[in-house]
Amino acid sequence: MTGTHDVRADTALDGLDARLIVERGAFRLDVALSVAPGEVVALLGPNGAGKTTALRALAGLTPLTGGHLRLDGEELDRTPPESRPVGVVFQDYLLFPHLTALDNVAFGPRCQGAGKAEARARAAEWLERMGLADHAAVKPRRLSGGQAQRVALARALATRPRLLLLDEPLAALDARTRLDVRAQLRRHLAEFEAVAVLVTHDPLDAMVLADRLVVVEDGSVVQEGTPSGIARHPRTEYVAQLVGLNLYRGQAGGHTVRLDTGPAITTTEDLTGPVFVAFPPSAVTLYRDRPTGSSARNLWRCEVAGLETHGDQIRADLTGELPLAADLTTVAAAELDLHQGASVWATVKATQTHAYPV
Amino acid sequence: MTKVDASDAAPDTLVAGARRRHARWWGRGVPLPLLVPALIGLAFLLVPLVALLVRTEWHDLPDQLSSPAVWQALRLSLLCATAATAVSLVLGVPLAWLLARVEFPGRGLVRALVTLPLVLPPVVGGVALLMALGRNGVVGRLLDSWFGVTLPFTTAGVVVAEAFVAMPFLVISVEGTLRAADPRYEEAATTLGASRFTAFRRVTLPLIAPGIGAGAVLAWARALGEFGATITFAGNFPGRTQTMPLAVYLALQNDPEAAIALSLVLLAVSIAVLAGLRDHWMSAG
Numbered sequence: 123m124t125g126t127h128d129v130r131a132d133t134a135l136d137g138l139d140a141r142l143i144v145e146r147g148a149f150r151l152d153v154a155l156s157v158a159p160g161e162v163v164a165l166l167g168p169n170g171a172g173k174t175t176a177l178r179a180l181a182g183l184t185p186l187t188g189g190h191l192r193l194d195g196e197e198l199d200r201t202p203p204e205s206r207p208v209g210v211v212f213q214d215y216l217l218f219p220h221l222t223a224l225d226n227v228a229f230g231p232r233c234q235g236a237g238k239a240e241a242r243a244r245a246a247e248w249l250e251r252m253g254l255a256d257h258a259a260v261k262p263r264r265l266s267g268g269q270a271q272r273v274a275l276a277r278a279l280a281t282r283p284r285l286l287l288l289d290e291p292l293a294a295l296d297a298r299t300r301l302d303v304r305a306q307l308r309r310h311l312a313e314f315e316a317v318a319v320l321v322t323h324d325p326l327d328a329m330v331l332a333d334r335l336v337v338v339e340d341g342s343v344v345q346e347g348t349p350s351g352i353a354r355h356p357r358t359e360y361v362a363q364l365v366g367l368n369l370y371r372g373q374a375g376g377h378t379v380r381l382d383t384g385p386a387i388t389t390t391e392d393l394t395g396p397v398f399v400a401f402p403p404s405a406v407t408l409y410r411d412r413p414t415g416s417s418a419r420n421l422w423r424c425e426v427a428g429l430e431t432h433g434d435q436i437r438a439d440l441t442g443e444l445p446l447a448a449d450l451t452t453v454a455a456a457e458l459d460l461h462q463g464a465s466v467w468a469t470v471k472a473t474q475t476h477a478y479p480v
Numbered sequence: 516m517t518k519v520d521a522s523d524a525a526p527d528t529l530v531a532g533a534r535r536r537h538a539r540w541w542g543r544g545v546p547l548p549l550l551v552p553a554l555i556g557l558a559f560l561l562v563p564l565v566a567l568l569v570r571t572e573w574h575d576l577p578d579q580l581s582s583p584a585v586w587q588a589l590r591l592s593l594l595c596a597t598a599a600t601a602v603s604l605v606l607g608v609p610l611a612w613l614l615a616r617v618e619f620p621g622r623g624l625v626r627a628l629v630t631l632p633l634v635l636p637p638v639v640g641g642v643a644l645l646m647a648l649g650r651n652g653v654v655g656r657l658l659d660s661w662f663g664v665t666l667p668f669t670t671a672g673v674v675v676a677e678a679f680v681a682m683p684f685l686v687i688s689v690e691g692t693l694r695a696a697d698p699r700y701e702e703a704a705t706t707l708g709a710s711r712f713t714a715f716r717r718v719t720l721p722l723i724a725p726g727i728g729a730g731a732v733l734a735w736a737r738a739l740g741e742f743g744a745t746i747t748f749a750g751n752f753p754g755r756t757q758t759m760p761l762a763v764y765l766a767l768q769n770d771p772e773a774a775i776a777l778s779l780v781l782l783a784v785s786i787a788v789l790a791g792l793r794d795h796w797m798s799a800g
């Protein structure tokens, strides 16, 4: 028993333990983060939520107005950025344009006191690991987006940081490159044995790259957990939209959930008290006329507010009794003669909904 | 302007085409109230230079220029302008960095004061320098009694006077470049373990090198032509403080031919400077 306690005490010392409070005018960021070594945590949130501010605070580029910051048991709150064992991959990489890829990567080791030859040898090693050995003498502007990203990662890792920070690591890439780079980045992050925190507004990047997600909205953490946990049980509208679910909040009484906005949803779960109800847009069936033979208990009258194409699917944005998103095939949309302002009936089977306590 | 039919299809090309036509047949489409003053202005700037060339006694020129006095003045001018530029670089670049990168109370006022020598009559600058660095000046007295250093009426005084007038040009130019440069490169450098000074030296300085170069040339040209502050603060001693502009002015009173020859040399130097800056400014316009 005592043994377990000791282990716990040790793990509490290792890794990142932070509460980041940054106040700037009307904006207040207050985010608690604890990340174990070897773990990759993604700060996920809409633009302006404060993710980048949190990252800058971790790097020491934005001073904390409160809270604390400990890395492997060491207080870093007052440590200037150049003395923190932190590596940063910036959103647009910020590779020094006047230095070659090799000298960009060697910059960190040089600043840490390594000799020119040693720093370059270390940099060459990192470029080799990133598969960029033959681009060592190239200036950043001649690198492709994916290559620049890897040089930036090599540059951050070459200082042997104990905390690696990545700000929107894939945002600057086109869709095609993104797939490759995401897979490579995932591999490199898996090899990285210290703490990694990445910031993104892209749920897919977050879910592929991170072991754990921390969702930030308006400067505070609104939800945190594993990607699959968050995908199944979103707790805010933003998260629900991210993972593509309709999400409602209401009071459960048995199999019926009375929503705060009025209508009720029948679920399979038997719950009482405040709950969330979620269902995917694909679970919604639409009719032009009120269905008579349908067994669905959940039936709402809605109006089409917008239509959007997603591959061979059409996403209908509905308002009315219950605002919801519905997915249907292009053929079905044509048969229903869906257009903006059209009035429709929407049904969802109780078995397709999922209710969980708040 | 007469063709209306294609206006919907390609308005951009139409405008560009019109602009090109104006460029080709200038005069057509340029209103006279603008054209006439423009041409007079052009003539006003160019005629004096042409007159200088016309009045030059070209066969006497080699004799004029080979006199040791000319070379002495030219050498002193180049030396002092270069030294003043060096002083401006060493002090002005950090000052520009401070103005561009560090927020401190009264920054706007400091920037205004830095640019004051740009608009101050140079003679006033010379008087002010005498009050500060003269033998009985506020600072000059201390320099004299502590180190035995006197600046007025010495070659070093010429450098001081020229630097005083020229440095603001460099500061303004470098500060503008610094403001345009992305400060996040410095941040990236600090996250890699660079101190703020190392970040400045290894990242910022190379990035703003073109702006520093342009500012240095500007300052150098201004220092080379400096007259008022120099003659007030450093006097007019041949071989010691008599730079080219001073020599030209003096020569004009007793030997106009020599004045023309000296002016020609300065004109040649100026044209060389302009040619050197061609890529930097002319293309930017």
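Residue numbers (the working numbering), protein chains in the order written: chain A, 123 to 480; chain B, 516 to 800.
Every residue, glycine too, gets a C-beta built ideally from N, C-alpha and C.
By the three-class DSSP mapping on this structure, what secondary structure does residue i have?
i: residue 435 of chain A; result: strand
i: residue 449 of chain A; result: strand
i: residue 215 of chain A; result: coil
i: residue 87 of chain A; result: This structure leaves residue 87 of chain A out entirely; chain A is present only between 123 and 480.
i: residue 597 of chain B; result: helix
i: residue 312 of chain A; result: helix
i: residue 420 of chain A; result: strand
i: residue 651 of chain B; result: coil
i: residue 414 of chain A; result: coil
i: residue 190 of chain A; result: strand
i: residue 165 of chain A; result: strand
i: residue 327 of chain A; result: helix
i: residue 570 of chain B; result: coil
Can you pull the chain A neighbours of residue i, defined as C-beta to C-beta under 9 Å?
i: residue 694 of chain B; result: Under the 9 Å cutoff, chain A gives no residues; its nearest Cβ is about 18 Å from residue 694 of chain B.
For residue i and chain A, any beta-carbon pair shorter than 8 Å?
i: residue 700 of chain B; result: yes
i: residue 706 of chain B; result: yes
i: residue 721 of chain B; result: yes
i: residue 718 of chain B; result: yes
i: residue 599 of chain B; result: no
i: residue 790 of chain B; result: no
i: residue 703 of chain B; result: yes
Below 7 Å on C-beta distance, what does residue i contact in chain A?
i: residue 713 of chain B; result: 233
i: residue 709 of chain B; result: 204 and 233
Within 10 angstroms of the Cβ of residue i, are there 16 or more other Cβ atoms? Answer buried if so, exposed if not.
i: residue 271 of chain A; result: buried
i: residue 723 of chain B; result: buried
i: residue 663 of chain B; result: exposed
i: residue 770 of chain B; result: exposed
i: residue 355 of chain A; result: buried
i: residue 290 of chain A; result: buried
i: residue 537 of chain B; result: Because the pLDDT at residue 537 of chain B is just 49, under 50, the model does not fix this residue reliably, and the point stays unresolved.
i: residue 646 of chain B; result: exposed
i: residue 257 of chain A; result: buried
i: residue 231 of chain A; result: buried
i: residue 699 of chain B; result: exposed
i: residue 279 of chain A; result: buried
i: residue 238 of chain A; result: exposed
i: residue 384 of chain A; result: exposed
i: residue 622 of chain B; result: exposed
i: residue 170 of chain A; result: exposed
i: residue 177 of chain A; result: buried
Looking at chain B, is there any beta carbon in it that lies within less than 8 Å of the beta carbon of residue i?
i: residue 203 of chain A; result: yes
i: residue 277 of chain A; result: yes
i: residue 212 of chain A; result: yes
i: residue 208 of chain A; result: yes
i: residue 222 of chain A; result: no
i: residue 230 of chain A; result: yes
i: residue 314 of chain A; result: no
i: residue 187 of chain A; result: no
i: residue 281 of chain A; result: yes
i: residue 181 of chain A; result: yes
Please list, in chain order, the chain B residues whose beta carbon lies closer than 7 Å to that of residue i.
i: residue 216 of chain A; result: 699, 700 and 703
*asked:* Across the region 203-215 of chain A and the region 337-352 of chain A, are there enough close Cβ pairs to call them in contact, namely three or more that are closer than 8 Å?
replied: Taking a cut-off of 8 Å for Cβ pairs, the region 203-215 of chain A and the region 337-352 of chain A do not touch, as fewer than three such pairs fall below it.
*Counting pairs of Cβ atoms below 8 Å between the region 143-157 of chain A and the region 255-273 of chain A, do you hit three or more?*
Three or more beta-carbon pairs separated by less than 8 Å are not found between the region 143-157 of chain A and the region 255-273 of chain A, which leaves the two stretches without contact.
*Determine contact between the region 715-734 of chain B and the region 638-652 of chain B, defined as no fewer than three beta-carbon pairs at a distance below 8 Å.*
Between the region 715-734 of chain B and the region 638-652 of chain B, the count of Cβ pairs shorter than 8 Å is below three; the stretches do not touch.
_Assess contact between the region 620-639 of chain B and the region 674-686 of chain B, defined as three or more Cβ pairs (one per stretch) separated by less than 8 Å. Is contact present?_
Under the three-pair Cβ rule at 8 Å, the region 620-639 of chain B counts as touching the region 674-686 of chain B.
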